[in-house]
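Here this note's numbering runs 20 ahead of the position in the sequence shown, where the first position is 1. Just below is one structure, and these are the notes that go with it.
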Amino acid sequence: MARKKIQVDDKWYVLATFAHPEEQPQVLKHDETFAMFDRFGDIAALAPGQEGLYHNDTRYLSHQELTIDGARPLFLGSFAEEAGSLLAIDLMNPDVTVGDRLVLPKGTLHIFRAKLLWDGACYEHLRINHHGQDSATVRVEITFEADFVDLFEIRGMQRERHGSRLPPEVTPDELVLPYQGLDGLRRRTRVRFDPRPHRIDANRALFELLLDAGSELHLYCTVACECEGEPLPEVRSYAAALHASRTGRRQQDRTRCRVDTSNPLVNLWLERSVSDLAMLTTELPTGPYPFAGVPWYSTTFGRDGILTAMEYIWVDPSLARGVLAHLAATQSTETDPARDAEPGKILHEARASEMARTREIPFGRYYGTVDATPLFLVLAAAYWRRTADEAFLRRIWPNLLAALQWIDSCGDVDGDGFVEYVRKSRDGLTQQGWKDSQDSVFHADGVLADAPIALCEVQGYVYQGKQMLAEVAQALGDGALAHRLATEARSLKARFQERFWCEPLGAYALALDGDKRQCQVLSSNVGHCLWSGIAAPEHAQRIVDSLMGPAFFSGWGVRTIAEGEPRYNPMSYHNGSIWPHDNALAAAGMARYGRTEDAMRLMGALFEASLHFDLHRLPELFCGFKRRGSGGPTLYPVACAPQAWAAAAPFALLQACLGLDWCAASRELKLRTPRLPAFIDWLRIEQLGSPGASCDLLLQRHERSVGVEVLRKDAGVRVSVVA
């Protein structure tokens, strides 16, 4: 079907040109492959939707449908497990008639349908149980189509030319759908069946089954995604793939600490977060990396990976190590304006689809982000504090020094001591902070700010990175660097107060524009200034009061832009919506300045919001409408779900409420004024500090405090509660 050409101002805007079905898609992911199915396990072909089987941002399966005697089965139920790599669905046959005669009453057949993603292939198992009294002949048919559309086309981009879909290749037990891309690579969707179908053609397989009363029959179908230049998927049996999946999940579970609470709904919330993070995490040659989100951002993002790892670092620091290793390995070493790359700069995103390889989009390896580089320093220092992994820090030390050099040179475009951004590439991102919509940085009259733009939170990240890295440098024996970084951090904090504080707002300005004029807009970015510690104590209290006031706080969380600002829109992507990770960082900042009660209020709002979302899953964002009675929050129609930094947000919120700080070098756990929200009576943490020396804690909520009981601790571990 031809796509209508649509012109929008923001080239990377995700179009929402049609209404989605009422149900949420069922999402599976493993490494570079993800899939979105309807609740039946099918991929619908009736609307130009997002559903499909994708590998490296290319859709390898655009339609799949299961029918029984020509009719769709009746849905009974479904659930996902194995960290989001397995979908299990229960179906039954509808009433089957021949003429006016009922030959197979509904519910005679139970069809169990399981779909598993593993190593670039989707494995399907159909188990059919006959519960009738008489034998039955049943026709099972599965139809397929592969359009090899690039994910950016699904997002709304139009292409002038496409590659060629080649003639299907059909054998008695296999169907291959090939495609020759404009990038010179041939991609194939290979569909294999066991047992052989009775008939197979270019887009369907047919099984004629004779079922005795009480019998059980198994059918298997494997869809492999193949691309020239990549290793072929190691296609194995369904049972072998399932065993490999479960073994991998058990290994992940052994390495992290575990959290349990008195509230079963909180436990479901936390378990969903753990499962989603496991699903989104891809094992790269450099280690585990949380891909940002499904469907639009299922790849490596620098900023997203760093903040996800920061939120989760007290639970499992291996994620932080994997992120740091990959970003060090992909750090820019050259100046390339077409990719907004400069020496020392940290990656924004990397893609391997056809459009990325043909440079139709600039994101093959793209560096247009202003904040990933200072945040790289923050995560490295946080990883050191959590693990005392000196060997790894020394390994990436040259990368950290290169990042510092970028901050002090290329990052400071006009030499005023603040880090700014201005797009160098023709097609890259106009806005290069975490709010990267084209219209996200503006003045009090609504006019968009001119570059170079210095965002308030980015100065906080630089301050935080230098301050924290100074401690690491001291520990590693470089006292001179430690002194220089600490001095630079103090100087930056002082200059920040002078240039960014806006007394009429009672907050820091969103940004300074190219003429060094303040963008006097109330934005949630100031919450990140609390998190980084760059906010002056005398200003912090006013900022918290503002963030928790009615213009910002909707009842479900803090909006990205305060109600009443010129571009405020609760249905926008960045100008009035609510982002869980944004709220988690604000909560951590509030607790830093002694406002733990407000941090608990944010945690409570997001927990209650999660009760209204499918699977208790916090999405990338949701609308900023005011909380109304017993109704739930309003979904944003094209939000990623799951999204990594949203999935990790509950753990950052919990850490903020507990004031939890683990120092591996001294084997000391500190809880600074710990509090638990009213919906958690007790909380148990096991293996806190692992890998390495660890302890188990039981925390009991009291009206104005928390009782802490040490259930177990390794030799040398100290636990202290600091008021």
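Glycine included, C-beta positions come from ideal geometry on N, C-alpha and C. Nothing here was measured: the structure is a model prediction, and the numbers come from that model.
Cβ of residue i within 7 Å of Cβ of residue j?
i	j	result
residue 73	residue 81	yes
residue 598	residue 577	yes
residue 676	residue 611	yes
residue 670	residue 404	no
residue 542	residue 477	no
residue 741	residue 728	yes
residue 680	residue 334	yes
residue 207	residue 168	yes
residue 684	residue 407	yes
residue 371	residue 77	yes
residue 603	residue 595	no
residue 626	residue 600	yes
residue 452	residue 364	no
residue 254	residue 205	no
residue 714	residue 734	yes
Looking at the unbroken beta strand (DSSP E) that takes in residue i, where does it start and where does it end?
i	result
residue 636	Where residue 636 is concerned, there is no enclosing beta strand (DSSP E), given that its DSSP letter is neither H nor E.
residue 240	236-247
residue 602	Residue 602 -> not in any beta strand (DSSP E); alpha helix (DSSP H) instead, spanning 600-612.
residue 72	72-75
residue 794	The structure shown has nothing for residue 794, since the chain only spans 21 to 743.
residue 705	702-708
residue 148	141-150
residue 56	53-57
residue 101	94-101
Taking all protein chains shown into account, decide if residue i is buried (16 or more other Cβ within 10 angstroms of its Cβ) or exposed.
i	result
residue 738	exposed
residue 459	buried
residue 650	exposed
residue 638	buried
residue 160	buried
residue 139	buried
residue 566	buried
residue 57	buried
residue 353	exposed
residue 151	exposed
residue 497	exposed
residue 303	exposed
residue 246	buried
residue 375	buried
residue 574	buried
residue 311	buried
residue 236	exposed
Any beta carbon from chain B within less than 7 Å of residue i's own beta carbon?
i	result
residue 373	The chain inventory of the structure shown lacks chain B, comprising one protein chain alone.
Give me, in chain order, the residues of the same chain whose beta-carbon lies closer than 8 Å to that of residue i; leave out the 5 immediate sequence neighbours on both sides.
i	result
residue 432	438, 439, 440
residue 42	Residue placement at residue 42 cannot be trusted, given a pLDDT of 46 that sits under 50; the coordinates are not used to answer.
Only counting the same chain, and skipping five residues up and downstream in sequence, which positions put a Cβ closer than 7 Å to that of residue i?
i	result
residue 482	394, 427, 439, 512
residue 96	110, 111, 112
residue 227	160, 217, 218, 239
residue 560	550, 613
residue 252	246
So, at 6 Å on beta carbons, what are the nonlocal neighbours of residue i in its own chain, with the 5 sequence-adjacent residues on each side left out?
i	result
residue 551	605, 608, 609
residue 156	124, 231
residue 296	662, 667
residue 22	Here the model assigns residue 22 a pLDDT of 41, short of 50, so the residue's position is not dependable and the matter cannot be decided.
residue 689	682, 739
residue 214	240
residue 149	130, 236
Between which two residues does the alpha helix (DSSP H) containing residue i stretch?
i	result
residue 387	Unbroken run through residue 387: none, as it is neither H nor E.
residue 84	First-last for residue 84: 83-88, but that is the beta strand (DSSP E), not the alpha helix (DSSP H).
residue 328	322-332
residue 745	Residue 745 lies beyond the residue range present for the chain, which begins at 21 and ends at 743; the question has no answer from this structure.
residue 284	284-300
residue 197	Residue 197 -> not in any alpha helix (DSSP H); beta strand (DSSP E) instead, spanning 194-200.
Pull up the CB-CB distance for residue i and residue j, whole angstroms please, since I reckon it's below 8 Å.
i	j	result
residue 540	residue 529	6 Å
residue 135	residue 61	6 Å
residue 382	residue 322	Actually they do not touch by this definition, with Cβ atoms about 15 Å apart.
residue 493	residue 502	4 Å
residue 107	residue 46	5 Å
residue 195	residue 187	In fact, because the Cβ distance is near 12 Å, the residues do not count as touching under 8 Å.
residue 443	residue 360	7 Å
residue 619	residue 693	The Cβ separation is near 10 Å, so there is no contact.
residue 474	residue 531	6 Å
Is residue i near the ligand HEM, in the sense that its beta carbon is under 6 Å from a heavy atom of that ligand?
i	result
residue 681	With respect to the ligand HEM, the structure shown offers nothing to examine, as it has no ligands at all.
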